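Quick look at the structure:
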């Protein structure tokens, strides 16, 4: 039952979520040292989470003699430096999303960890929500047939921290902040061996006085013909909307991870406290989440990462996945400019996936377009004559 | 309290819905004669709804001496002929959706009724659902600020009648069948005077062995910058999904018209009866709708049409609206082929709409990107320096 | 297609709802004269609804030469006088709920209309909501087997008008205001021929400084063994909660008529308008209802009443039903005092209903307690030895 | 960071849930030995969960030299023997719900652990669901004012194992199986220092051919005036319904723990796998739960137990709580027989709780019954004259 001692880089909201998870329940892994650019924030963070040591020297943090895992919860523009240090130290490294600001940057980080031979995990929590994990199992078990269309949405009124708004530091706007989640959720459902071929994207800055997009939608066309559709926004009003939908030839899955999870509260006064991440009001009808770090996937994510590390297998989300996500986002940004479909140009390590099954059923030489079961048990067929192209109804005895 | 006697053209599912509505509750308008291409279907229809007369002669039906209103519930390729007859007879005409198979065809019908000077209404029921009407009132009253993005979705497992599947008779696939609803719902929310500028569309035939699209998504960019997004499918599994969402600068509206309306039924056996339009199962968890003709907008639609006719005003939905819908669908089909944005080329009769408001707020010379109220009443500002482009956080006293 | 001219008695909220319904859509019945105790309120009401005449003389209103139907929307303590006038005038009379303040008073009104031989309808709108009507049809069609337990809940923060709070004028508190709805909904689902045998009730005044109950729960035991459970409150926070649940041996029905009907709105500012009956806030997350008079049953209720009148049949809800409701409420109030079950002592006109079916299935001489289908198709039986009373599991081949 | 080695007693469904939780995520506590009455089930269980040792000798299991904690997942009638062994061994003991079959039996177990001075926890998982824990925090923080009424419901189609159906082994029917959960949830929300005074209960056996109740409802009146209402059933169709509702003077909380948690799946075919505890179908619309052991409270429950043990504090749920639950169930069974309220006769260790606040507000000498804010900002008061008892409306300027 090995345990790990961790160097935590960063003391923002994500650092809090990570450490709350790692130190939560009966977990056996612990943050040993935390790095913050600010002494004051580092001290507060250490005290909040009972961490023995803090430093403002990132190299010292990474090279701490007792830690074997580096967790990166820093702003996007600081990932590369941190990963370089970790790779050099030969330690396992877990990096928050998005991996890079561009695919090029992400590729360099991928090369670093592969070059150094260190364990590397991509911390994409929303791929690990309990609903997502169970849905993935159902999809792989065939519950909805072939996947045809996956929708993933993440929207809220905009980030809490200043640096998120500065495209120079992040690589973009709502896509780079939120779209990375959606893309990886989509890839899970269409299958990770299903090559992302091209992207069609529209972005706009509708509300906030910034240079980057505060709204975007994109379609990703995969080799099988399946479409991944992501929608992101920094202008949604009402909290945080986290919904995924998976359509298949034989079924449908709808998941709501945040605003409507069976927990509803009305309060006439002020509840005087934290309701949920990105909640907009503290009175009226509120929709809290029971256990945020569990519902948002942090718990299962770190379990997978540390179990993978212990057992010598790859985690569910790797740096290669992070690099692919950046490649798809790059194509989305190119498409928003060209106003047309743009190819995904990443190095592809997956295999090949067949087109969604469409062998038409035949009935007395006619193509069966649709089969409905009538209340009396008979079947109503809609048939197409392959020669004339004419369509007809026919009611026949049931199977 | 004038009443109207109606010529009903067509005896399919839509004819049933129309007549159920007209003859429902304490209504004062009545179908006087029904036309069907089939004597047998006409007879069954007359008996079902207590209609005194039926005919297989469309001209006789239109020219019936006692009727003053022609309601067209015929397949798309028969609209033009029927409207020509009604215009010639000088009678009011109400035509089901879509108006035409193309904008060109729709324009001819528009010209006919305008030339003849007859009252003409476009029977777009989903613009009249009680939820939509109330939401429109809220939006116009400013409840959600400026509209930024409207999503409208209609999906189900595919039409019940053979002719729907034949693009030669209908003008297309899922877009022509379902997208026409969505487009007009969207236009209501962004404002009918808001010019649709261009369309980006993706279509595919993922499941059914047909030539036309069984799945599509499109974006419509309006003059104000607002985006209308429609999603249609003939491959959805689980019933009929009718949802609309309106995002605004100060609020959000979510409407579910069909599958989740607060009515849930589990049955272990067969309920042996009609559950709801496009329901897929008769056991397990079912989601019926209370009063379908009311919830789907038929009741309010016909009230508007006949009240408009009585009072000499235009109805909420006119043939010009129908023509615009066809124009937008034409652009969608062009875009699906060109794989890029395509302009909407319709004759524009509306006015001009301003860009979504975005006068940035200033604080001590800095641009306010976001303002959050903290639990202690203070405000947290995210500010952008207009010179350096740098972003900072600042906490200030509340207003 | 006969139409009716109506005398409306009362200009409160219920008069508004009634007249909005009667004059709504393409209805053919019209309010001809309105009576109000206050000239000012009568004038405003007439103007609001386009009513030709108003009066403060109740007898003149009832005896108006052109009207043939009297609709009573007056406070409870004025019902008897109004019904006496209508009966004397020989006109059809429709009376709002509850019929009386006690069963004794209700019985006198029942006797009056039966003595005079006039058409009399009990205006219990919530028995007519579209969801309720469709659910009743499903239950009668056998969709959920034998009904075992019906729950009906109506709660809100308390009435808007002063007289509602005065038990001397109404006959009680939340039970008399809201319980009457629930009782009649329950009777519909267990079957109107199913005799209500006895009642167990708890009442309390938990929040408002009044003498009558602001919270109550009661169980009604019917002859079949089915239980009706009603819950009413004048202290609910968050709007108006109108939910009904029907449990059967083979199925379940859940209905939400008001707060969760698939219509959700978030507004950051004031929407500056009417949201829904008994809504508590005008900002944050709101849950409007599309068309209140339809969703709350008013439309179907008046259609049934006038159609019954036209066709010479009894309406779905009669004065006898109103009298039974009062009898059950009387038993509830007695039970709350005696703190034990109390019999329902009404004159019973219905028939007799069998005990809920419970012929046990046998398997090799053992009683089958439960049968579950396993994933592999086999059946798991839980069996009881009729001699020893011992329970065992057995897995057998499927049917 | 101490870890514990556990003796697990019992290999049924509850043993699986417990061990899945203990061995789940990155937990540091492990089951060291498992006891089963059946060698075969013990072997399968050990293999399923990677447990080094198994035995059919309960004393050997309890006295295993390496374990320090005994977890009891045995049928009700075996709890006393197991606790006696654990107390004698001087080991910490965690016992599943209900503690005893009667309060008398529960009291003996309480005395045993108190006499032996061992740590004892009552494994009431549903008090620990993430939603419940967050709601408790909100209630204690004042978000909904004084609690007036708590509803807790647990219903499903009946237990999976034979012994559950034998009242001789369990102590009763649906109340003893499910009511124990509800009672403890209710006590949490009204406050554990709020004395349960008396109980009113109705039970019936409506469907299954058994001697014990398959349906029950009860009211618990607490010292503060708050009511706890529990509803349990073994005849619910549609899965497992786990809902709690908390009403307060200033707010409302609704929690759905199982059937409607934002996860919806439609499958046309067989999903061929486990959907959720007590699910009734494997096709059509299904409502899985993301992570059952988390959502049902097992994870937080064991964290509390082991953290309490490590830090020397009492757990949230103790044997005294279990004894109180049995005392309330005893009163419920007595009430079902006497058909009237029955006192709770348990030894009370809590304090005293004030009546729900009801100091009436006064306005110019009149009692304010209700205060509503009008759209124009004015306040509408409903006032009661303390002398005459008359009620009036008054509209005044807002505060």
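Residue numbers (my numbering), protein chains in the order written: chain A, 1 to 399; chain B, 400 to 798; chain C, 799 to 1197; chain D, 1198 to 1596. C-beta atoms are modelled at their ideal positions from N, C-alpha and C, and glycine is treated no differently. Small disclaimer: the values here were computed from a predicted structure and weren't measured.
Query                                                                                                                                                                                          : Result
Return no unless some Cβ of chain A is closer than 9 angstroms to the Cβ of residue 1035 of chain C.                                                                                           : yes
If you scan the stretch 1317-1375 of chain D from start to end, which runs of the alpha helix (DSSP H) of 4 or more residues do you find wholly inside it?                                     : 1327-1337, 1364-1367
What does a CB cutoff of less than 8 angstroms around residue 284 of chain A pick up in its chain, not counting 5 residues either side in sequence?                                            : 266, 267
When you compare the CB of residue 690 of chain B with every CB in chain C, is at least one pair closer than 9 angstroms?                                                                      : yes
Consider the Cβ of residue 790 of chain B: report whether some Cβ of chain C lies at a distance smaller than 9 angstroms.                                                                      : no
Would you call the CB atoms of residue 293 of chain A and residue 1331 of chain D closer than 9 angstroms?                                                                                     : no
Do residue 770 of chain B and residue 763 of chain B have their C-beta atoms within less than 9 angstroms of each other?                                                                       : no
What number of angstroms, rounded off, separates the C-alpha of residue 1405 of chain D from the C-alpha of residue 321 of chain A?                                                            : 54 angstroms
How about residue 867 of chain C and residue 807 of chain C: do their beta carbons lie closer than 9 angstroms?                                                                                : no
My guess is that residue 589 of chain B and residue 549 of chain B are in contact by the Cβ rule of under 8 angstroms, so how many angstroms apart are they, rounded?                          : 6 angstroms
Taking the beta strand (DSSP E) that residue 831 of chain C falls in, what are its first and last residues?                                                                                    : 828-833
What's the gap between the Cα of residue 1108 of chain C and the Cα of residue 800 of chain C?                                                                                                 : 7 angstroms
Helix, strand or coil for residue 256 of chain A? Go by DSSP, reduced to three states.                                                                                                         : strand
Hey, out of C:1144, C:1164, C:1171, C:1188, whose CA is closest to residue 905 of chain C's CA?                                                                                                : C:1144
DSSP state of residue 418 of chain B, grouped into three classes?                                                                                                                              : helix
Along chain C, which residues have their Cβ under 9 angstroms away from the Cβ of residue 874 of chain B?                                                                                      : Lying outside 400 to 798, the shown extent of chain B, residue 874 of chain B is not represented and no answer is given.
Using the Cα positions of residue 220 of chain A and residue 704 of chain B, report the straight-line distance between them to the nearest angstrom.                                           : 43 angstroms
Going along the chain, which residues of its own chain have a beta-carbon closer than 7 angstroms to the beta-carbon of residue 1209 of chain D, five neighbours each way excluded?            : 1270, 1358
With a threshold of 8 angstroms on Cβ separation, who are the neighbours of residue 1576 of chain D within its own chain once the five nearest residues in sequence on each side are excluded? : 1568, 1569, 1570, 1592, 1593, 1594, 1595, 1596
Starting from the beta carbon of residue 1097 of chain C, find every residue of chain B whose beta carbon is closer than 9 angstroms, and list them in chain order.                            : 424, 425, 690, 693, 698
Starting from residue 402 of chain A, follow the alpha helix (DSSP H) in both directions and report where the run begins and ends.                                                             : Only positions 1 to 399 of chain A appear in this structure, which leaves residue 402 of chain A out of reach.
With 9 angstroms as the limit, tell me which residues of the stretch 1314-1341 of chain D have their beta carbon closer than that to any beta carbon of chain A; keep them in chain order.     : 1326, 1327, 1328, 1329, 1330, 1331, 1332, 1334, 1335, 1338, 1339, 1340, 1341
Indicate whether residue 234 of chain A and residue 245 of chain A have their beta-carbon atoms separated by less than 9 angstroms.                                                            : no
Cα-Cα, which of C:1183, C:1095, C:1182 is closest to residue 1114 of chain C?                                                                                                                  : C:1095
Just confirm the distance between the C-beta atoms of residue 726 of chain B and residue 502 of chain B, as a whole number of angstroms; I'd bet it's less than 8 angstroms.                   : 4 angstroms
Using a Cβ-Cβ distance under 9 angstroms, would residue 285 of chain A count as near chain C?                                                                                                  : yes
What are the residues that DSSP puts in a beta bridge with residue 1031 of chain C?                                                                                                            : C:953, C:1013
Can you name, in chain order, every residue of its own chain whose Cβ lies under 7 angstroms from the Cβ of residue 907 of chain C, other than the five neighbours on each side?               : 877, 878, 881, 897, 898, 1117
Of all Cβ atoms in chain D, is any one closer than 9 angstroms to the Cβ of residue 8 of chain A?                                                                                              : no
Suppose the cutoff is 8 angstroms on Cβ atoms and the five residues either side in sequence are ignored; what does the same chain contact list for residue 1069 of chain C look like?          : With a pLDDT of 47 at residue 1069 of chain C, under the threshold of 50, the modelled position of that residue is not reliable, and the figure given next carries that caveat. The residues are 1063, 1080, 1081, 1084.
Along the chain, which unbroken stretches of the alpha helix (DSSP H) at least 4 residues long are found entirely within the stretch 324-353 of chain A?                                       : none
At the level of alpha carbons, what is the spacing between residue 1237 of chain D and residue 117 of chain A?                                                                                 : 46 angstroms
In the stretch 1531-1552 of chain D, which residues sit with their C-beta less than 7 angstroms from some C-beta in chain C, listed in chain order?                                            : 1536, 1537, 1538
Closer than 9 angstroms between beta carbons: that is the criterion. Which residues of the stretch 551-568 of chain B meet it against chain A?                                                 : 554, 556, 557, 558, 559, 560, 561, 562, 563, 564, 565, 567, 568
Give me the chain C residues within the contact set of residue 266 of chain A, using Cβ-Cβ distance strictly less than 7 angstroms, ordered along the chain.                                   : 1035, 1036
When you compare each of A:355, A:329, A:291 to residue 24 of chain A by their alpha carbons, which one comes out closest?                                                                     : A:291
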